[in-house]
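Remarks on the structure that follows.
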Amino acid sequence: MKKKLINKRNKKKIIQKKIIVIGISLTVISLIVYGGINSLKSSNGNFLLSPPRNFFMKATYLPTEGYAYTGQSTGTAKILNSGVGSRSGLGHNPTITLNQGNTVSIHLINEDSEKHSKHNLNIDEFDVHTKDLGYFQSQTVTFTANKTGTFNYYCSIHPEMTGKIIVKDHAK
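According to this note's numbering, the sequence shown is numbered sequentially starting from 51.
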């Protein structure tokens with residue numbers, strides 16, 4: 051009788067442990083699925099069906115020109131240089147050209163080693179707004195170019211930091 055009672059208690063403990071393990075497993079799986087679904091959303095609410103194009107941009111202070119964005123392309127987002135004397139692939143307050151429907155990730159880093167000022171990036175038409183980034187902080191924003199036209203991006207802290215995003219109709 052005592053042996054049966056011990057066996058029942060052991061079975062209850064084993065069942066309780068299995069329930070706990072299953073509960074934890076389901077919670078972890080749910081969090082992974084939730085994160086995966088949210089990672090497929092761009093900042094303007096569109097779902098990403100392909101990898102975004104990457105564009106790396108630095109916010110900095112240039113002693114000869116003042117506050118500026120400088121950009122460098124990975125080859126998947128075309129950049130038009132707007133700065134005088136800029137090197138190929140680099141530009142000050144560069145123009146980014148995309149086709150409608152493209153998804154782009156802009157990776158902004160504050161490299162203002164001269165003034166240590168805060169910087170941000172805003173594109174109102176695509177609901178893109180970074181936080182104010184301190185020196186050497188960075189943030190990535192991803193959005194889908196779902197409208198055609200020419201749009202401004204800017205730093206709300208330094209009004210001279212502006213650039214353009216040109217979104218072309220992909221059917222043309």
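Just so it is clear, CB atoms sit at the ideal spot from N, CA and C, and this is done for glycine as well.
Classification of residue i by the beta-carbon crowding that lies within 10 angstroms, buried from 16 upward
i    : result
T120 : buried
L223 : For residue 223 there is no data in the structure shown, the boundaries of the chain being 51 and 222.
D162 : buried
G213 : buried
V134 : With a pLDDT of 33 at V134, under the threshold of 50, the predicted position of this residue should be treated as unreliable, though the coordinate-derived value follows. Answer is exposed; the Cβ neighbour count stays below 16.
S75  : exposed
V154 : buried
R59  : exposed
V191 : buried
F39  : Here the chain covers residues 51 to 222 and nothing more, so residue 39 does not appear.
H220 : exposed
L158 : buried
Y11  : Missing from the structure shown is residue 11; the chain here goes from 51 to 222 and no further.
Paired residues, beta bridge with residue i - DSSP
i    : result
H169 : L183
Q66  : Partner(s): none; Q66 has no beta bridge.
G199 : V217
P71  : A small correction: the amino acid at residue 71 is Val; Pro does not occupy that position in the sequence shown. The partner list for V71 (beta bridge, DSSP) is empty, contrary to what the question assumes.
Y204 : N172, T212
T306 : It is not possible to answer for residue 306, since the shown part of the chain is limited to 51 through 222.
V178 : I173
Opening and closing residue of the beta strand (DSSP E) in which residue i lies
i    : result
T153 : 153 to 160
F193 : 188 to 194
N104 : 103 to 112
N149 : 145 to 149
Whole-angstrom C-beta distance between residue j and residue i, which should lie under 8 Å
i    : j    : result
D39  : K168 : Past the edges of the chain, shown from 51 to 222, lies residue 39, and the structure says nothing about it.
Q150 : K218 : 7 Å
H208 : Y117 : 4 Å
T200 : I216 : 5 Å
N152 : R103 : 6 Å
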